[in-house]
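A.B. asks:
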Amino acid sequence: MNTTVLYSVSEGIATITLNRPHRLNAINPELLSGFKSALDHANADADVQTIILCGAGRAFCAGDDLKEFDQQVRNPAETRAYIEHIQDITRGLCLNDKMVVGAIHGWAVGGGLEWTINCDFVVMAQSCRLFFSEISLGVFVTGGVTRLLVEQIGLQNARDMILLGERYSASDAAELGFSWQIAEDDEVMPLARSLAQRIAVLPAGPVKNLKLALRKSPTADLESAMALETEATLEGFLDPLSADRVRDRLS
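For the sequence shown, the working numbering assigns the number 1105 to the initial residue and increments by one for each residue that follows.
Next comes the structure, spelled out in structure tokens:
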């Protein structure tokens, strides 16, 4: 059984925990397989409204496991497949219809930082240290960050962060605008769960449509954005549960 990723569901919240603490949850094929399986379960489960992503031990994720690098570059076909498995995680985090809350502590490096950026909300521990190591190693970033990070912090900041590989603190991340809140290390999971619970009790339809609309907004023209809003608003207006909520609010 694959134990490199743990999965549990409670009160409409799926918790996905990267579980290679002896390697600071560094990425290898087994972890990718377990992560994708957990995401597939969460995204297919109608009872799951929100996903929490976290890491066991002293770090969230230290990026690719460089001790296994030789195995990842044995031939071009296998290397491409490995990279696509990494990209599949971003697809599962970003192209689903459930909000993802990252509970991030310790190191978030390379792929671990990419997955942090993929979250809809990030609760970050004071202990967090973030950086991209890829360019300095002669490889490249994945996780859609060449678009997503630019959206979040602007072109120049994204260029600096990816190219120069500077180490950023939780405070730096908050200043740049890609963490929702900073907390003491022992408060990160309680705060992330509290946020996830707030989201989980909201009507699922509008939450799903908001995630879709916001993901499309950077490339959508105004008419396309308003067309999506119209369809989502129509869906909400015609939902009998919305009428019940309005009556409750008025009573």
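Glycine residues also receive a C-beta, built at the ideal position from the N, C-alpha and C atoms.
1) By DSSP, does residue 1211 sit in helix, in strand, or in coil?
2) Give the single residue among 1290, 1329, 1121 and 1245 whose Cα lies nearest to the Cα of residue 1221.
3) Just reading off the beta strand (DSSP E) that residue 1358 is part of, what are its end residues?
4) Please report how far the alpha carbon of residue 1232 lies from the alpha carbon of residue 1264, in whole angstroms.
5) Do residue 1161 and residue 1132 count as a contact pair if the criterion is CB distance below 9 Å?
6) Scan the region 1124-1211 and note each continuous alpha helix (DSSP H) run of 4 residues or more that stays entirely inside, going in chain order.
7) Taking a contact to mean a Cβ-Cβ separation below 9 Å, would you say residue 1324 touches residue 1336 in this structure?
8) Need the endpoints of the alpha helix (DSSP H) that residue 1271 sits in, please.
9) According to DSSP, what are the bridge partners of residue 1286?
10) So, are the CB atoms of residue 1205 and residue 1192 less than 9 Å apart?
11) Taking the straight line between their C-alpha atoms, what separation do you get for residue 1257 and residue 1186?
12) Please name the residue, chosen from 1199, 1297 and 1277, that lies closest to residue 1147 on a Cα-to-Cα basis.
13) Whose CA, out of 1156, 1120, 1141 and 1107, lies closest to the CA of residue 1302?
14) Is residue 1324 helix, strand or coil by DSSP?
15) Is DSSP giving residue 1220 helix, strand or coil here?
16) Spatial neighbours of residue 1159 within its chain, please: CB distance less than 6 Å, with the 5 preceding and 5 following residues excluded, ordered by chain position.
17) I'd like to confirm the pairing. Which residues does DSSP put opposite residue 1237 in its beta bridges?
18) Does DSSP put residue 1107 in a helix, a strand or coil?
19) With DSSP run on the structure shown, which of helix, strand or coil describes residue 1346?
20) Just confirm the distance between the C-beta atoms of residue 1207 and residue 1227, as a whole number of angstroms; I'd bet it's less than 8 Å.
21) Just grab the DSSP bridge partners of residue 1122 for me.
22) Could you give the DSSP three-state label for residue 1355: helix, strand or coil?
C.D. replies: For this structure:
1) Within the sequence shown, residue 1211 is the residue found at index 107, counting from 1. Secondary structure at residue 1211: strand, using DSSP grouped into helix, strand and coil.
2) Sequence index remark: in the sequence shown, residue 1221 carries index 117 (1-based). Across the set 1290, 1329, 1121 and 1245, the C-alpha of 1245 shows the shortest separation from the C-alpha of residue 1221.
3) This structure gives no information on residue 1358, because the portion of the chain shown stretches from 1105 to 1355.
4) Walking along the sequence shown from the start, residue 1232 turns up at place 128. Walking along the sequence shown from the start, residue 1264 turns up at place 160. Near 19 Å, if we compare the C-alpha coordinates of residue 1264 and residue 1232.
5) One-based indexing of the sequence shown puts residue 1132 at position 28. One-based indexing of the sequence shown puts residue 1161 at position 57. Going by C-beta atoms, residue 1132 is not nearer than 9 Å to residue 1161.
6) You should have 1133-1148, 1173-1176 and 1180-1198.
7) Numbered from 1 along the sequence shown, position 220 holds the residue referred to as residue 1324. Numbered from 1 along the sequence shown, position 232 holds the residue referred to as residue 1336. Note that the C-beta distance between residue 1324 and residue 1336 is not below 9 Å.
8) Residue mapping note: residue 1271 aligns to position 167 of the sequence shown, counting from 1. Here residue 1271 belongs to no alpha helix (DSSP H), and DSSP marks it neither H nor E.
9) Here residue 1286 refers to the residue found at position 182 of the sequence shown. Beta-bridge pairing links residue 1286 to 1228.
10) Looking up residue 1205 in the sequence shown gives position 101. Looking up residue 1192 in the sequence shown gives position 88. No.
11) For the purposes of this step, residue 1257 is taken as residue 153 along the sequence shown, with counting starting at 1. For the purposes of this step, residue 1186 is taken as residue 82 along the sequence shown, with counting starting at 1. Near 28 Å, if we compare the C-alpha coordinates of residue 1186 and residue 1257.
12) The count along the sequence shown starts at 1 and reaches residue 1147 at position 43. 1199 is the residue among 1199, 1297 and 1277 whose C-alpha sits nearest the C-alpha of residue 1147.
13) Here residue 1302 refers to the residue found at position 198 of the sequence shown. Checked all of 1156, 1120, 1141 and 1107; the closest Cα to residue 1302 is 1156.
14) Residue numbering aside, residue 1324 sits at position 220 when the sequence shown is read from its first letter. Per DSSP, reduced to three states, the secondary structure at residue 1324 is coil, with no helix or strand assignment.
15) As a position in the sequence shown, residue 1220 is number 116, starting the count at 1. Three-state DSSP puts residue 1220 in a helix.
16) Numbered from 1 along the sequence shown, position 55 holds the residue referred to as residue 1159. These residues qualify, in order along the chain: 1122, 1129 and 1165.
17) Working through the sequence shown from its first residue, we reach residue 1237 at position 133. The partner list for residue 1237 (beta bridge, DSSP) is empty, contrary to what the question assumes.
18) Along the sequence shown, one-based indexing puts residue 1107 at 3. Coil.
19) For the purposes of this step, residue 1346 is taken as residue 242 along the sequence shown, with counting starting at 1. Annotated three-state conformation of residue 1346 is helix, per DSSP.
20) As a position in the sequence shown, residue 1207 is number 103, starting the count at 1. As a position in the sequence shown, residue 1227 is number 123, starting the count at 1. Right, their Cβ atoms sit about 5 Å apart.
21) By one-based count along the sequence shown, residue 1122 stands at place 18. 1109 and 1159.
22) Within the sequence shown, the letter at position 251 stands for residue 1355. For residue 1355, the secondary structure class from DSSP, reduced to helix, strand or coil, is coil.
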